[in-house]
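Asks:
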Amino acid sequence: MQAQVELAIGGMTCASCAARVEKKLNRMEGVTATVNYATEKARVAYEPGVEIADLIATVERTGYTAREPQPEPEPTSPAPGAHEEKEAGAQEGPDGALASLRQRLTVSAVLAAPVVALSMIPVLQFDNWQWLCLTLAAPVVVWGAYPFHRAAWTNLRHGAATMDTLVSLGTLAAFGWSLWALFFGHAGMPGMRHGFDLTARHGDGSSAIYLEAAAGVTAFLLLGRYLEARSKRKAGAALRALMDLGAKDVAVLRDGRETRIPVDRLAVGDRFVVRPGEKIATDGTVVEGSSAVDASMLTGESVPVDVAPGDAVTGATVNTAGRLVVEATRIGADTRLARMAQLVEDAQSGKAEAQRLADRISAVFVPVVLVIALATLVVRLLVTGDATAAFTAAVAVLIIACPCALGLATPTALMVGTGRGAQLGILIKGPEVLESTRRVDTVVLDKTGTVTTGRMSLYEAVPAADTDEKTLLRLAGALEHASEHPVARAIAEGAQKRVGELPAVERFESAAGLGVRGTVDGHEVVVGRERLLTATEGSALPAELADARDRAEAAGRTAVLVAWDGRVRGVLSVADTVKDGSTEAVARLRSLGLTPVLLTGDNKAVAASVAREVGIDADQVFAEVMPEDKVAVVQRLQEQGRSVAMVGDGVNDAAALARADLGLAIGTGTDAAIEAADLTLARGDIRVAADAIRLARRTLGTIKGNLFWAFGYNVAAIPLAVAGLLDPMIAGAAMAFSSVFVVTNSLRLRSFT
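Here is the structure:
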């Protein structure tokens, strides 16, 4: 059985770096690896016999660094604020690197600006201006561009070429030519002047200097890399926020006393106190108290949910009102928050098919560009004999061709899209899911627990001509309140809502499968099937009540008769009610071009009634389907040429969710259903299903737009550079802009609603 590990990879500067690391790891026996440039992580599956140290050594031999996963800290009692310090420390690395990059960019930009201005605007050029430019440009090329030179040298020692190779070669070539022209040519003479052209330069090479290209390209590329790094941090912010949601410590009850301990020392079975305004430390069950819990940070649901003893609560949600005592049922990686974070991280680490193509191109792109640049130099020299124009065109090819945008196209969109989804209570399992959302044309909705609440509730009360509804509900509700049957609970709860407090019951009796009887307010009351009432009361059912019963049963509802003092007094009907928003959800799914289908094990009358209520066509209803036959229904639809999405919540939906082209699990359902699904909806509102499909399609559209831009940019720009139509500095600006454009385009997904 394969084990899995995630390694933090250091030193990658472009997509071709990620491609090289991935290629080297995959060459190892028994290893399958995916390296993500945007997240700077390698997800590695390996067979027994392979050690993590071997994986790290392979990465290091490739010229990069790899870090083993940090072990969990031993449970200790930290000083107050220790958790906050640790959290701040965790952010120190990326923020420190960003600060260093910002400093390098600022100094380089300040020094490069006058060099570019003097070189481009002849009127500013004074005697010996070129020597001032050399003084200002040298620190930029040597110190400012040092990260590019260092990475290029490291790659060269390992027999590889990456984007840094192109940048380092381009800037050093431009700087080296300028040094030769200044010290050994005519460019250093007092009074030397030269203009600026957007295309390749022509003329005497000994009089041409490229200091503005060397310094300007470095500044532009540092700007691009800084904006890229900042945007990548923004893109991953949603996941970091999700992982930081949990409580840091908890008031646990030990021997009747409260003891505050770190959350990581909590054990299953521990009871802990949650006061108003505090976060619930971990998943558990309320054992004492009642309150309203705000779960908006996990589910996107803005309305707090009432909880009482026996109700399940989720870690990281906020107790808004009363004091609660909760018994821990899940801790650590088993909690809902941890599983959500893992799902999001897994999705961000994966690769869509389009990205795999981009990676394959990036792996061979840099060597090909080096050949093209050399060929441009040689051919132009042989054909025109103009060394200046040949050199300018070759340097422009080196600089314009960086494949950075290709490497960022998919992972940045995935990071932002999945992160935004997590904020809205939508968990996308992986990038391949995005392709499925584009293709689906049919959505199968499980009825119970998905379209309906899955709980019986009182639908209608029809009293006899000489009886009022309030009395009917009061007496029937009081009697049913003493029963545990689901139908009885529905009647009792409905009666309490409509008439208030219910009287006590005396001499309660239950007749299995038929109903209940007892004394309420001095009346001998019977509630149940007609057979029980006929046997007990001996009276016939009045015509108007018989009609009410028949109507209820025809609509798929359960009809219950009520009698007291020897006469049938009314009919109560109960039903599994449609969830608020189900009708709107079906309409939204239709607007996305999907055909909704209802699937249920209930009888045809119940199914037809629910379908009518939510707006599903009668010919798209599958009723009386056994749990094991749900897969067959999905398969039958697929055999008709349909691409099927399935929405469900129960254990009996898991197989169908896995069989469907796209599985969407209601997050309030079972673990089996969530595990089998491609998308998980953290709250039980199926309107989110339409939002999930929209978000997945929008993310896929963003990825395709990014890849189109990245491919199109390189396809169009390289021929222009070869033809001598690009100055190296303009090429540097365009290359930096391409990466920034891709990341900025991905960040637009943060505004998805």
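Numbers 600 to 1352, taken from the numbering used here, label the letters of the sequence shown in order. By construction, the Cβ of each residue, glycine as well, lies at the ideal position given by its N, Cα and C atoms.
By DSSP, does PHE725 sit in helix, in strand, or in coil?
Replies: Taking the first residue of the sequence shown as position 1, residue 725 is located at position 126. Correct three-state label for PHE725: coil.
Asks: I think GLY1016 touches THR1279, with their Cβ atoms under 8 Å apart; what is that distance to the nearest whole Å?
Replies: As a position in the sequence shown, residue 1016 is number 417, starting the count at 1. As a position in the sequence shown, residue 1279 is number 680, starting the count at 1. Not really, about 15 Å apart at Cβ, beyond 8 Å.
Asks: Could you check if LEU1140 belongs to the surroundings of the ligand ADP, using beta carbon to heavy atom distance under 6 Å?
Replies: What this structure holds is no ligand at all, so the ligand ADP is not there to describe.
Asks: Per DSSP, which residues does SER1172 bridge with? Please list them.
Replies: The residue given as residue 1172 occupies position 573 in the sequence shown. Looking at the DSSP assignment, SER1172 forms a beta bridge with GLU1059 and ALA1158.
Asks: In whole angstroms, what separates the C-alpha of VAL1043 from that of ALA1281?
Replies: Numbered from its first residue, the sequence shown carries residue 1043 at position 444. Numbered from its first residue, the sequence shown carries residue 1281 at position 682. Distance between the alpha carbons of VAL1043 and ALA1281: 19 Å.
Asks: Quick one, are the C-beta atoms of PHE1221 and VAL1232 less than 7 Å apart?
Replies: Residue 1221 sits at position 622 when you count from the first residue of the sequence shown. Residue 1232 sits at position 633 when you count from the first residue of the sequence shown. Yes, the pair counts as a contact, with Cβ atoms nearer than the cut-off.
Asks: Based on the DSSP output, what are the partners of ASP1045 in its beta bridges?
Replies: Residue mapping note: residue 1045 aligns to position 446 of the sequence shown, counting from 1. Paired residues: LEU1198.
Asks: Within the same chain, show all residues whose beta-carbon is closer than 7 Å to that of SER1345, passing over the 5 residues directly before and after it, in chain order.
Replies: As a working mapping, residue 1345 is identified with position 746 in the sequence shown. The residues are ALA834, THR1011, ALA1012, VAL1015, THR1301 and ASN1305.
Asks: Assuming HIS1122 is part of the beta strand (DSSP E), what are its boundary residues?
Replies: Here residue 1122 corresponds to residue number 523 of the sequence shown, with the count starting at 1. Residues 1122 to 1127.
Asks: Look at the alpha carbon of ALA1210 and the alpha carbon of ARG1189, and state the distance between them as a whole number of angstroms.
Replies: As a first step, residue 1210 must be located in the sequence shown, where it is residue number 611. As a first step, residue 1189 must be located in the sequence shown, where it is residue number 590. Spanning the two alpha carbons is a distance of roughly 14 Å.
Asks: Looking only at its own chain, which residues have a Cβ that is under 8 Å from the Cβ of VAL968, when we skip the five neighbours before and after it?
Replies: As a working note, residue 968 is residue 369 in the sequence shown. Once the five neighbours on either side are set aside, the close Cβ partners of VAL968 are LEU765, VAL996, LEU997, ALA1000 and ILE1317.
Asks: Using three-state DSSP, classify ALA689 as helix, strand or coil.
Replies: Numbered from 1 along the sequence shown, position 90 holds the residue referred to as residue 689. Residue confidence for ALA689 is low, a pLDDT of 36 falling below 50, so the modelled location carries little weight; the figure read from the coordinates is stated next. In this structure, ALA689 counts as helix in the three-state DSSP scheme.
Asks: Just checking my contact of ASP1081 with GLY1117 at CB under 8 Å: how many whole Å lie between their CB atoms?
Replies: For this step, residue 1081 is matched to residue 482 along the sequence shown. For this step, residue 1117 is matched to residue 518 along the sequence shown. One detail in the question is off: residue 1081 reads as Ala in this sequence, not Asp. Their Cβ separation, rounded to whole angstroms, is 7 Å, which keeps ALA1081 and GLY1117 in contact under 8 Å.
Asks: Looking at the secondary structure, which residues open and close the alpha helix (DSSP H) in which ILE655 lies?
Replies: Here residue 655 corresponds to residue number 56 of the sequence shown, with the count starting at 1. Element bounds for ILE655: 651 to 660.
Asks: Going by other Cβ atoms of all chains shown within 10 Å of its Cβ, with 16 needed for buried, is GLN941 buried or exposed?
Replies: For the purposes of this step, residue 941 is taken as the residue at position 342 of the sequence shown. The residue is exposed, with fewer than 16 neighbouring Cβ atoms inside 10 Å.
Asks: By how many angstroms is the C-alpha of TRP728 removed from the C-alpha of GLY769?
Replies: By one-based count along the sequence shown, residue 769 stands at place 170. By one-based count along the sequence shown, residue 728 stands at place 129. Answer to the nearest angstrom: the Cα atoms are 23 Å apart.
Asks: What residue from VAL620, ALA1289, SER1181 and ARG666 has the CA that sits closest to VAL1039's CA?
Replies: Numbered from its first residue, the sequence shown carries residue 1039 at position 440. The option with the nearest alpha carbon to VAL1039 is ALA1289.
Asks: Compare the beta carbon distance of GLY1247 and THR1049 with 7 Å and say whether it is the shorter of the two.
Replies: Position 648 of the sequence shown, counted from the first residue, corresponds to residue 1247. Position 450 of the sequence shown, counted from the first residue, corresponds to residue 1049. Cβ atoms of GLY1247 and THR1049: closer than 7 Å.
Asks: Quick one: give me the first and last residue of the beta strand (DSSP E) that ALA1255 is part of.
Replies: The sequence position of residue 1255 within the sequence shown is 656, counting from 1. Here ALA1255 belongs to no beta strand (DSSP E); instead the alpha helix (DSSP H) covers 1253 to 1258.
Asks: Have a look at ALA687 and ALA866 and give me their C-alpha separation to the nearest angstrom.
Replies: The count along the sequence shown starts at 1 and reaches residue 687 at position 88. The count along the sequence shown starts at 1 and reaches residue 866 at position 267. Residue placement at ALA687 cannot be trusted, given a pLDDT of 35 that sits under 50; what the coordinates show is reported in the next sentence. In a straight line, the C-alpha of ALA687 is about 26 Å away from that of ALA866.
Asks: Alpha carbons only, please: which of ALA1103, GLU1083 and GLU1105 is nearest the one belonging to GLY1114?
Replies: Here residue 1114 corresponds to residue number 515 of the sequence shown, with the count starting at 1. Closest by alpha carbon: GLU1083.
Asks: What are the start and end residues of the alpha helix (DSSP H) that includes TYR1312?
Replies: Here the question's residue 1312 lines up with position 713 in the sequence shown. Segment 1286 to 1321, the alpha helix (DSSP H) holding TYR1312.
Asks: Excluding five sequence neighbours on each side, which residues of the same chain lie with their C-beta closer than 7 Å to the C-beta of ILE808?
Replies: As a first step, residue 808 is located in the sequence shown; it is residue number 209 there, counting from the start. Only GLN729, SER777, ALA780, LEU781 and ALA786 meet the Cβ criterion.
Asks: What distance in whole Å lies between the Cβ atoms of GLY1180 and ARG1286, which are believed to be in contact at a cut-off of 8 Å?
Replies: Start at 1 with the first residue of the sequence shown, and residue 1286 comes out as number 687. Start at 1 with the first residue of the sequence shown, and residue 1180 comes out as number 581. Indeed, because the Cβ distance is near 5 Å, the residues count as touching under 8 Å.
Asks: Return the chain-ordered list of same chain residues with a C-beta closer than 7 Å to the C-beta of ASN754, the five sequence neighbours on each side being excluded.
Replies: As a first step, residue 754 is located in the sequence shown; it is residue number 155 there, counting from the start. These residues qualify, in order along the chain: GLY662, ALA760, THR761, ASP763 and THR764.
Asks: From the DSSP output, which residues share a beta bridge with ALA607?
Replies: Along the sequence shown, read from residue 1 onward, the residue named residue 607 stands at position 8. Answer is LYS640 and ARG666, bridged to ALA607.
Asks: In whole angstroms, what separates the C-alpha of ALA711 from that of VAL977?
Replies: Position 112 of the sequence shown, counted from the first residue, corresponds to residue 711. Position 378 of the sequence shown, counted from the first residue, corresponds to residue 977. Spanning the two alpha carbons is a distance of roughly 30 Å.
Asks: Quick one: what does DSSP say VAL867 is sitting in, helix, strand or coil?
Replies: Position 268 of the sequence shown, counted from the start, is the residue given in the question as residue 867. VAL867: coil per DSSP, three-state reduction.
Asks: Would you call the segment 730 to 741 and the segment 813 to 822 touching, i.e. three or more CB-CB distances under 8 Å?
Replies: Short answer: they touch.
Asks: Assign LEU973 to one of two classes, buried (16 or more other C-beta atoms within 10 Å of its C-beta) or exposed (fewer than that).
Replies: Numbered from 1 along the sequence shown, position 374 holds the residue referred to as residue 973. With fewer than 16 Cβ atoms within 10 Å of its Cβ, LEU973 is classed as exposed.
Asks: For GLY1165 and LEU1131, what's the separation of their Cα atoms in angstroms?
Replies: Translated into the one-based positions of the sequence shown, residue 1165 becomes position 566. Translated into the one-based positions of the sequence shown, residue 1131 becomes position 532. The straight-line gap from Cα to Cα measures roughly 12 Å.
Asks: If you run the structure through DSSP and keep just helix, strand and coil, what is ALA1354?
Replies: Summary: the structure shown does not reach residue 1354, with the chain confined to residues 600 through 1352, and so no result is reported for it.
Asks: Are SER707 and LEU821 touching if we call contact CB-CB under 7 Å?
Replies: Position 108 of the sequence shown, counted from the first residue, corresponds to residue 707. Position 222 of the sequence shown, counted from the first residue, corresponds to residue 821. Contact flag set, yes.
Asks: Contact criterion: CB-CB distance below 7 Å. Does ILE879 meet it with respect to chain C?
Replies: Of the protein chains in this structure there is only one, and it is not chain C.
Asks: Once DSSP output is grouped into helix, strand and coil, what is the label at ILE808?
Replies: Within the sequence shown, the letter at position 209 stands for residue 808. ILE808: coil per DSSP, three-state reduction.
Asks: What does DSSP give as the partner residues of ARG596 in its beta bridges?
Replies: With the chain covering 600 to 1352 only, the question about residue 596 has no answer from this structure.
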